[in-house]
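Colleague: Below you will find the structure I want to go over with you.
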Amino acid sequence: MSDRWWKDAVLYQVYPRSFADANGDGIGDLAGVTERLEYLQWLGVDGIWLNPIHPSPNVDWGYDVSDYTGIHPHLGTLADLDRLVAQAEARGIRILLDLVPNHTSDQHPWFRERPDFYVWADEIPNNWESIFGSGPAWTLDPERGRYYLHNFAPQQPDLNWWNPEVGAEFERILRFWFDRGVAGFRIDVAQAIVKDRELRDDPVIPGLGIQRFYSMFRPETHEILRAWRTLAESYEPPRLLLGEAYSLDVEQWAGYFGQNGDQLDLAFAFMLTHAELDADEMRGIVAEVVAALPADAWPCWTGSNHDIGRLATRWARGDEARARCALVMLLTLRGTPCLYYGDELALEAGEVPAERVVDCATPSRDPGRTPMPWTPEGGWVEPWLPLTDTRRNVEEQRADTSSTLHFTRDLIGLRRRVPDLRSGAYAEVPAPVGAWAWSRGDGVVVALDLGDEPVEIEGIDGSIALSTNRTRDGEHVSGGLSLAPYEGAIVSLT
Ligand code: NOJ
Ligand code: CA
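Position 217 of the sequence shown, counting from 1, maps to 223 under our numbering, and the rest follow consecutively.
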């Protein structure tokens with residue numbers, strides 16, 4: 007076991023409004039998550055990241071926070087959160103919350119009472135663009151007659167991190183939750199917290215458009231992350247900082263880990279989610295990530311979330327065999343995997359007709375946020391987002407040992423039993439065109455055929471510990487491993 011629990015962990019992202027609804031009002035809630043802890047323990051997850059649970063006008067569904075130390079009444083109460091943390095702990099599961107330090111809601115009392123907490127200008131001062139809507143990132147506040155900055159929606163004013171009192175408030179917020187037993191935070195737009203003090207224009211590169219060089223990615227953000235690391239380390243066990251750190255530039259992204267682990271513990275490796283499920287492309291990205299990371303740094307692998315949608319649709323185009331290959335990859339690369347609720351079922355994007363869309367972004371992210379199908383009927387009463395396709399649901403897959411749900415559970419179980427799968431070094435193994443193979447430590451080889459032709463990975467001797475085609479589990483391998491298209495296997499070497 008490593009000294010940090012999260013290095014051995016499998017994380018699981020819960021979008022609280024869509025996971026489980028305990029009181030039947032159509033909105034998932036904290037009590038619903040507590041009721042489903044038995045399921046999550048059975049699946050084998052070690053930590054749950056909850057998307058924001060705080061009071062919010064829900065312009066951006068919780069990412070516009072109006073009270074950082076409260077709980078949104080739709081989701082429950084502080085007592086419900088305490089109960090969830092305690093009951094999860096009893097099952098060996100830790101709870102992570104979502105910290106939104108870049109901006110608040112315009113309904114947060116600070117926006118009226120503490121204008122010095124936000125970024126203002128008398129005229130629109132630069133070319134910065136809002137991420138939602140692609141218009142200017144500046145909006146006139148009629149009450150003050152001045153413009154305020156919002157990198158996201160106009161209802162999400164950006165905080166002014168040059169004001170040390172903002173930092174002091176966030177340290178208070180972190181302590182509030184750490185003291186309640188919360189195991190850590192996923193940090194929203196961790197790359198954007200500090201803005202250029204002089205508000206200089208973002209560069210515009212012909213053909214590529216605006217580059218968020220001054221409105222985001224400022225070097226001073228690293229100082230904030232360092233301070234939070236120190237704070238997180240003052241707890242026992244140290245609290246986890248998992249950054250969204252959305253940069254597709256691998257070198258820049260690796261910078262958020264800092265030196266000797268003095269910034270983020272984990273950062274999502276989103277470059278993989280921008281790739282196709284293609285052996286050459288993915289192998290190349292993983293090689294870049296491995297080369298760029300500081301020696302002790304640990305990436306967080308994910309294939310789905312509430313912004314980028316579901317891997318079973320994006321990577322696998324609905325095909326369960328491909329989704330299983332993606333799950334093998336996420337759970338056997340060196341790093342910490344984070345599954346999104348439903349990944350374990352190969353759940354696809356939901357269908358959300360135009361009149362039901364509630365997201366503020368274009369294109370709408372709602373298809374990746376539809377309710378968890380618990381039963382063939384869904385298990386929901388008039389949910390807030392439609393649940394129409396329940397072909398892949400928990401009840402039926404749990405009753406069927408050949409299902410993707412059992413496959414995912416067995417994969418997590420194998421990872422738990424085999425130390426090499428958690429901490430063994432990653433090294434590429436030669437594989438024919440269309441295939442990707444790698445070893446973990448000395449004891450394991452993982453191989454995926456992501457092409458349309460059968461392949462043979464040469465020089466492999468051992469036995470198949472787990473295959474996406476379950477009939478091959480336990481098969482003896484001598485001299486080479488044959489794989490059919492979209493088949494993957496984890497081989498224990500002899
Ligand atoms: C990233 C979050 O994941 C996304 O859902 C949100 O809209 C933006 N940050 C703004 O907070
Ligand atoms: Ca509810």
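No residue lacks a Cβ here, since even glycine has one placed at the ideal position from N, Cα and C.
Below 7 angstroms between beta carbons: does that hold for Arg224 and Gln269?
Modeller: Locating residue 224 in the sequence shown gives position 218, counting from the first residue. Locating residue 269 in the sequence shown gives position 263, counting from the first residue. Pairing Arg224 with Gln269 gives a Cβ-Cβ distance that is not under 7 angstroms.
Colleague: Whole-angstrom Cβ separation of Thr474 and Glu493, contact assumed at under 8 angstroms?
Modeller: For the purposes of this step, residue 474 is taken as residue 468 along the sequence shown, with counting starting at 1. For the purposes of this step, residue 493 is taken as residue 487 along the sequence shown, with counting starting at 1. 5 angstroms between Cβ atoms; contact.
Colleague: Please list the terminal residues of the continuous alpha helix (DSSP H) segment that includes Tyr45.
Modeller: To locate residue 45, count along the sequence shown from 1; it is residue 39. It spans 43-49 - the alpha helix (DSSP H) in which Tyr45 sits, taken as one unbroken run.
Colleague: Bridge partners of Leu336, per DSSP?
Modeller: Within the sequence shown, numbered from 1, the residue matching residue 336 stands at position 330. Per DSSP, none; premise fails for Leu336.
Colleague: How about the segment 21-34 and the segment 78-87: do they share at least three Cβ pairs that are nearer than 8 angstroms?
Modeller: yes
Colleague: Assuming Asp426 and Arg446 make a contact with CB atoms under 8 angstroms, what is their CB distance in whole Å?
Modeller: In the sequence shown, counting from the first residue as 1, residue 426 sits at position 420. In the sequence shown, counting from the first residue as 1, residue 446 sits at position 440. Between Arg446 and Asp426 the Cβ distance is about 5 angstroms, and since that is below 8 angstroms, they are a contact.
Colleague: On the three-state DSSP scale, how would you describe Val461?
Modeller: Mapped onto the sequence shown, residue 461 falls at position 455. Strand.
Colleague: Looking only at DSSP bridge pairs, what is Asp104 linked to?
Modeller: By 1-based counting over the sequence shown, the position of residue 104 is 98. The partner list for Asp104 (beta bridge, DSSP) reads Arg192.
Colleague: Give the residues whose C-beta lies closer than 5 angstroms to at least one heavy atom of ligand 2, in chain order.
Modeller: Asp27, Asn29, Asp31, Ile33, Asp35
Colleague: What's the call for Val71, buried or exposed, on a 16-neighbour Cβ count within 10 Å?
Modeller: Within the sequence shown, residue 71 is the residue found at index 65, counting from 1. By the neighbour-count rule (16 or more Cβ atoms within 10 Å), Val71 is buried.
Colleague: Can you give me the start and stop residues for the alpha helix (DSSP H) that Ser24 sits inside?
Modeller: Working through the sequence shown from its first residue, we reach residue 24 at position 18. Residue range 22-25 is occupied by the alpha helix (DSSP H) that includes Ser24.
Colleague: Mark Trp442 as exposed unless 16 or more other C-beta atoms lie within 10 angstroms of its C-beta, in which case mark it buried.
Modeller: Residue 442 sits at position 436 when you count from the first residue of the sequence shown. The residue in question, Trp442, is buried, as its Cβ has 16 or more Cβ neighbours within 10 Å.
Colleague: Can you tell me whether DSSP reads Glu354 as helix, strand or coil?
Modeller: In the sequence shown, residue 354 corresponds to position 348, counting from 1. Residue state, collapsed to three classes: coil.
Colleague: Hey, Trp167 and Leu103: beta-carbon distance below 7 angstroms or not?
Modeller: As a position in the sequence shown, residue 167 is number 161, starting the count at 1. As a position in the sequence shown, residue 103 is number 97, starting the count at 1. Going by C-beta atoms, Trp167 is not nearer than 7 angstroms to Leu103.
Colleague: Do Pro22 and Ile59 have their CB atoms nearer than 7 angstroms?
Modeller: Locating residue 22 in the sequence shown gives position 16, where the first residue counts as 1. Locating residue 59 in the sequence shown gives position 53, where the first residue counts as 1. In this structure, Ile59 lies closer than 7 angstroms to Pro22 by Cβ.
Colleague: For His312, count neighbouring C-beta atoms within 10 Å of its own C-beta (all shown protein chains included) and say buried if the count is 16 or more, exposed if not.
Modeller: In the sequence shown, the residue the question calls residue 312 occupies position 306. His312 is classed as buried because its beta carbon has at least 16 other beta carbons within 10 Å across all chains shown.
Colleague: So, with DSSP's three-state summary, where would you put Cys306?
Modeller: Position 300 of the sequence shown, counted from the start, is the residue given in the question as residue 306. Cys306 falls in the strand class under three-state DSSP.
Colleague: When you compare only the Cα positions, how much space is there between Pro438 and Leu454?
Modeller: The count along the sequence shown starts at 1 and reaches residue 438 at position 432. The count along the sequence shown starts at 1 and reaches residue 454 at position 448. One C-alpha to the other measures close to 11 angstroms.
Colleague: Name the DSSP beta bridge partners of Gly261, please?
Modeller: Working through the sequence shown from its first residue, we reach residue 261 at position 255. For Gly261, which the question treats as bridged, DSSP gives no partner whatsoever.
Colleague: Starting from Ala441, trace the beta strand (DSSP E) both ways and give me its first and last residue.
Modeller: For the purposes of this step, residue 441 is taken as residue 435 along the sequence shown, with counting starting at 1. Residues 441-446.
Colleague: For Asp52, which residues from the same chain have a beta carbon less than 6 angstroms from its beta carbon, with the 5 sequence-adjacent residues on both sides left out?
Modeller: Numbered from 1 along the sequence shown, position 46 holds the residue referred to as residue 52. Excluding sequence neighbours, Asp52 sits near Ala15, Val16.
Colleague: Measuring only the C-alpha atoms, how far is Thr381 from Ala297?
Modeller: Here residue 381 is taken as the residue at index 375 of the sequence shown, counted from 1. Here residue 297 is taken as the residue at index 291 of the sequence shown, counted from 1. Between Thr381 and Ala297, the C-alpha separation is close to 44 angstroms.
Colleague: Using the rule of at least 16 other Cβ atoms within 10 Å of the residue's Cβ for burial, across every protein chain shown, is Val387 buried or exposed?
Modeller: Mapped onto the sequence shown, residue 387 falls at position 381. So Val387 counts as exposed.
Colleague: State the Cα-Cα distance for the pair Ile211 and Gln217, rounded to the nearest angstrom.
Modeller: For the purposes of this step, residue 211 is taken as the residue at position 205 of the sequence shown. For the purposes of this step, residue 217 is taken as the residue at position 211 of the sequence shown. The alpha-carbon atoms of Ile211 and Gln217 are separated by roughly 7 angstroms.
Colleague: If you run the structure through DSSP and keep just helix, strand and coil, what is Cys366?
Modeller: As a position in the sequence shown, residue 366 is number 360, starting the count at 1. In the three-state reduction of the DSSP assignment, Cys366 falls in the coil class.
Colleague: From the DSSP output, in three-state form, read off Arg152 for me.
Modeller: The count along the sequence shown starts at 1 and reaches residue 152 at position 146. Strand at Arg152.
Colleague: In terms of residue numbering, what span does the alpha helix (DSSP H) encompassing Val435 cover?
Modeller: Taking the sequence shown and counting its residues from 1, the one referred to as residue 435 is at position 429. Looking at the DSSP string, Val435 is not in any alpha helix (DSSP H); the run it does join, the beta strand (DSSP E), is 432-435.
Colleague: If I measure Cβ to Cβ from Val91 and keep anything under 8 angstroms in the same chain, skipping five residues before and after, which residues do I get?
Modeller: Residue mapping note: residue 91 aligns to position 85 of the sequence shown, counting from 1. For Val91, where only same-chain residues beyond five positions count, the Cβ hits under 8 angstroms are Ile101, Arg186, Gly187, Val188.
Colleague: Please tell me whether, using a cut-off of 6 angstroms, the distance from the CB of Tyr69 to the nearest non-hydrogen atom of ligand 1 is below it.
Modeller: In the sequence shown, the residue the question calls residue 69 occupies position 63. Tyr69 Cβ: within cutoff of ligand 1.
Colleague: Round the Cβ separation of Arg507 and Leu351 to the nearest angstrom and send it over; I've been treating them as touching at under 8 angstroms.
Modeller: Since the displayed the chain opens at 7 and closes at 500, residue 507 lies outside it and no answer follows.
Colleague: Would you kindly check if the distance between the Cβ of Glu135 and the Cβ of Ala143 is under 7 angstroms?
Modeller: Here residue 143 corresponds to residue number 137 of the sequence shown, with the count starting at 1. Here residue 135 corresponds to residue number 129 of the sequence shown, with the count starting at 1. In this structure, Glu135 lies closer than 7 angstroms to Ala143 by Cβ.
Colleague: According to DSSP, what are the bridge partners of Phe274?
Modeller: Along the sequence shown, read from residue 1 onward, the residue named residue 274 stands at position 268. For Phe274, which the question treats as bridged, DSSP gives the partners Cys306.
Colleague: For Ala281, which option in Glu229, Ala471, Leu456, Leu472 has the closest C-alpha, if you only look at C-alpha atoms?
Modeller: Position 275 of the sequence shown, counted from the first residue, corresponds to residue 281. The shortest C-alpha separation from Ala281 is found at Leu456.
Colleague: What does the Cβ neighbour count give for Met7, buried or exposed, with the cut at 16 atoms within 10 Å?
Modeller: The count along the sequence shown starts at 1 and reaches residue 7 at position 1. With a pLDDT of 43 at Met7, under the threshold of 50, the modelled position of that residue is not reliable, and no figure is offered here.
Colleague: Here's the rule: buried if 16 or more other CB atoms are within 10 angstroms of the residue's CB, otherwise exposed. What is Gln258?
Modeller: Along the sequence shown, read from residue 1 onward, the residue named residue 258 stands at position 252. Exposed is the call here.
Colleague: I'd like the list of long-range same chain contacts for Ile230, defined as Cβ closer than 6 angstroms, with 5 residues on each side in sequence excluded.
Modeller: Here residue 230 corresponds to residue number 224 of the sequence shown, with the count starting at 1. The residues are Ile199.
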